[in-house]
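Novice:
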Amino acid sequence: MNTKKKELKVSAIANGTVIDHIPQGHVSKVMNILNLENFEDQIYFGANLDSKKYGKKGIIKVSNRYFKDSEINKIAIVAPTATMIEIKDYEVIKKTSVKIPDEVIGIVKCFNPKCVTNHENVITRFTIIDKENLKVKCHYCEKITKKEHIEFL
Amino acid sequence: MKNRSLISINDYSKEELLKILKIAEEFEANPRQKILSNYVIASLFFEPSTRTRLSFESAINQLGGRVIGFTDSSSSSVKKGESLRDTIETVSLYSDLIVMRHPIEGSARFASEINDTPIINAGDGANQHPTQCLLDMYSIQKTQGTLDNLDIAFVGDLKYGRTVHSLVIAMSMFKNTRFHLVSPEELKLPRAVKEFILSSGLTYEQYTDINAVIEKVDILYMTRIQAERFADPIEYEKVKNSYILENSMLENSKDNLRILHPLPRVNEINEDVDTNDKAYYFQQAQNGVFVRQALLASILGLR
């Protein structure tokens, strides 16, 4: 056994996707957005793991499942730091960082208590007007929510 | 613009807005053309608004159209707990176009996405009131002969006044508009709107004294300062009388100056201004009828 290799806190997978560097506290949210709660193959996940870059992080390993860019980008708003690592036969074949999309449908709650999305049965929809500082504009009430006020559904 | 809803002033391009203003001139010259005699327009006022509702209903009636609807939600099925979606679905089956006012922000946008019946937003909470903006633009164009190269002062509550925000955004589409923003410290124009002015390549100046702008401007757009906007009642008492326009203050103003106000007025324009030829707020309200006629005719494909 290679002694230099770090001990894995979460088991390795043979084939599938590792979602690494999920910000502290957002693992279940990412699972939810990617609809992994209904996924039938093996999933390992870990939270509060030590990270050199971010202090604490979360990780999800999904067996035999690869994600399209459009699926990956949906998690960008909850986990902008996340990395997607595709694994085949225990080897990394591709690493991608998530990209913030132009629009978010569902997922985010409008912070404006007077917005129609908080009163009627309407799916929320936001345009991302500032990707760097994460500012979103509600398609309905047109109010702008800053990063620190973003709440998830 | 056929079958297109008007929810926010940004939904229409500059050219489309100018086209509506052009059509409004035709209705001003001849407001009683019976072009809507085969149409039923729904007027759904989920909260009361006398002026806007009567203006729309007058516009429709003068064109020979029929109006159905309600004047506040207590006399509608909303009181029984019906969803907005169901109300709009049903009313769409009874009418060709829906005019709606609703206290919830974004409700008009939501309504416009339920089916193909066009919606005109007559105000959705503090969000948008695009027909007010159109009539303000029409009034400016009519009194100044142009929408370019104007000095426009906005006075009063620039923080919460949605008519101010919409008009600033609309006037930012025109060449060399210079914005003069007069308000108490607490009620300054929101930063996002000021950034919009700058991103359009235009400039603004901020003042706390109304007298500093009266002699420089072509348009003086007055708004009401409401006591409930102040966290500290003492602050309100301090400023409440400093944004009142009196006739004597207009002595050295430009000849082409016109005073606008979205109405209702309380005391921010003294009644002694009413007889001054520069007072234009009542004609402004009348222009609302022509602009709404133009909008209805465009959306129904009749112009």
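Going down the list, the sequences are from chains A and B. With the numbering used here, letter number 78 in the first sequence gets 78, and the count goes up by one each step, no holes. Quick note: to get the numbering used here, add 1000 to the position in the second sequence (first position is 1). Ideal Cβ positions, reconstructed from N, Cα and C, are used throughout, including at glycine. All figures in this text were calculated on a predicted structure; none of them were measured in a lab.
So, for B:Thr1203: in the same chain, excluding its five sequence neighbours on each side, which residues have a beta-carbon less than 8 Å away from its beta-carbon?
Specialist: Arg1178, Phe1179 and Ile1197
Novice: Could you spell out the range, first to last residue, of the beta strand (DSSP E) harbouring A:Ile93?
Specialist: Glu91 to Ser97
Novice: Please report whether the beta-carbon of A:Met1 lies at a distance below 8 Å from any beta-carbon of chain B.
Specialist: Any reading at A:Met1 is ruled out, since the residue's pLDDT is 46, under 50, leaving its predicted position unreliable.
Novice: Between which residues of its own chain and B:Glu1185 is the CB-CB distance below 6 Å, once the five residues before and five after are set aside?
Specialist: none
Novice: For B:Ala1122 and chain A, any beta-carbon pair shorter than 8 Å?
Specialist: no
Novice: My output table needs one value for A:Met1: the three-state DSSP class, helix, strand or coil.
Specialist: Reliability of the predicted coordinates at A:Met1 is poor, the pLDDT of 46 falling under 50, and the value obtained from them is presented with this limitation in mind. Correct three-state label for A:Met1: coil.
Novice: Taking buried to mean at least 16 other C-beta atoms within 10 Å of its own C-beta, is B:Ser1055 buried or exposed?
Specialist: buried
Novice: Does DSSP classify B:Asn1276 as helix, strand or coil?
Specialist: B:Asn1276: coil per DSSP, three-state reduction.
Novice: Nearest to B:Ala1297 by alpha carbon, out of B:Leu1097, B:Tyr1280, B:Ile1219 and B:Leu1147?
Specialist: B:Leu1097
Novice: Please check the pair A:Lys147 and A:Leu134, which I expect to be a contact at CB under 8 Å, by giving their CB distance rounded to whole angstroms.
Specialist: 4 Å
Novice: Is the shortest distance between the beta-carbon of A:His139 and the beta-carbons of chain B less than 8 Å?
Specialist: yes
Novice: Using alpha carbons as the reference points, say which of A:Ser97, A:Lys56 and A:Glu40 lies closest to A:Ala47.
Specialist: The residue among A:Ser97, A:Lys56 and A:Glu40 with its C-alpha nearest the C-alpha of A:Ala47 is A:Lys56.
Novice: Is it buried or exposed for B:Ser1075, if we count other Cβ within 10 angstroms and need 16 for buried?
Specialist: exposed
Novice: According to DSSP, is B:Tyr1204 helix, strand or coil?
Specialist: strand
Novice: Check whether the Cβ atoms of A:Tyr140 and B:Gly1156 sit closer than 8 Å, and answer yes or no.
Specialist: In this structure, A:Tyr140 sits away from B:Gly1156, with a CB-CB distance that is not shorter than 8 Å.
Novice: Whole angstroms is fine: what's the gap from A:Met1's alpha carbon to A:Cys138's?
Specialist: Low per-residue confidence applies at A:Met1: pLDDT is 46, beneath 50, and the placement is therefore not dependable, though the value from the model is reported in the following sentence. Whole-angstrom Cα-Cα distance: 54 Å.
Novice: What are the residues of the segment 1103-1117 of chain B that lie near chain A, defined by any Cβ-Cβ distance shorter than 8 Å?
Specialist: Per Cβ criterion, the list reads Pro1103, Ile1104, Glu1105, Gly1106, Ser1107, Arg1109 and Phe1110.
Novice: Contact between the segment 1022-1041 of chain B and the segment 1057-1072 of chain B is defined here as three or more beta-carbon pairs at a separation below 8 Å; is this criterion met?
Specialist: yes
Novice: Distance check for A:Gly58 and A:Thr3, CA to CA, integer angstroms please.
Specialist: Any reading at A:Thr3 must be qualified, since the residue scores a pLDDT of 46, below 50, and its modelled position is unreliable; no value is offered.
Novice: Helix or strand or just coil, what does DSSP make of B:Ile1104?
Specialist: DSSP, read as helix, strand or coil, puts B:Ile1104 in coil.
Novice: Between which two residues does the beta strand (DSSP E) carrying A:Glu103 extend?
Specialist: For A:Glu103, the uninterrupted beta strand (DSSP E) segment begins and ends at Glu103 to Ile105.
Novice: Would you tell me roughly how many angstroms separate the C-alpha atoms of B:Arg1292 and A:His149, rounded to the nearest one?
Specialist: 38 Å
Novice: Since B:Gly1288 is in the alpha helix (DSSP H), which residue starts that stretch and which ends it?
Specialist: Tyr1281 to Ile1299
Novice: Counting pairs of Cβ atoms below 8 Å between the segment 77-97 of chain A and the segment 15-30 of chain A, do you hit three or more?
Specialist: yes
Novice: With 7 Å as the C-beta to C-beta threshold (strictly closer), list the residues of the segment 1080-1104 of chain B near chain A in chain order.
Specialist: Flagged, chain order: Ser1083, Leu1084, Arg1085 and Ile1104.
Novice: In its own chain, which residues sit with a C-beta less than 8 Å from the C-beta of B:Leu1093, not counting the 5 before and 5 after it?
Specialist: none
Novice: Excluding the five sequence neighbours on either side, which residues of its own chain have a C-beta within less than 7 Å of the C-beta of B:Gln1226, listed in chain order?
Specialist: Shown here for B:Gln1226: same chain residues with a beta carbon closer than 7 Å to its own, the five before and five after excluded, namely Asp1157 in chain order.
Novice: Which class does B:Phe1046 belong to by DSSP, given the choice of helix, strand or coil?
Specialist: coil
Novice: Please classify A:Val92 as buried or exposed, where buried requires at least 16 other C-beta atoms within 10 Å of its C-beta.
Specialist: exposed
Novice: Counting only beta-carbon separations shorter than 8 Å, does A:Glu156 have a partner in chain B?
Specialist: Nothing about residue 156 of chain A can be read from this structure; chain A reaches only from 1 to 153.
Novice: Quick check: is the beta carbon of A:Glu103 nearer than 8 Å to any beta carbon in chain B?
Specialist: no
Novice: At the level of alpha carbons, what is the spacing between B:Asn1030 and B:Ile1023?
Specialist: Going by the C-alpha atoms only, they are around 11 Å apart.
Novice: Based on Cα-Cα distance, which residue from B:Ile1020, B:Arg1053 and B:Leu1063 lies nearest to B:Arg1032?
Specialist: B:Leu1063
Novice: Please classify A:Ala76: does DSSP put it in a helix, a strand, or coil?
Specialist: coil
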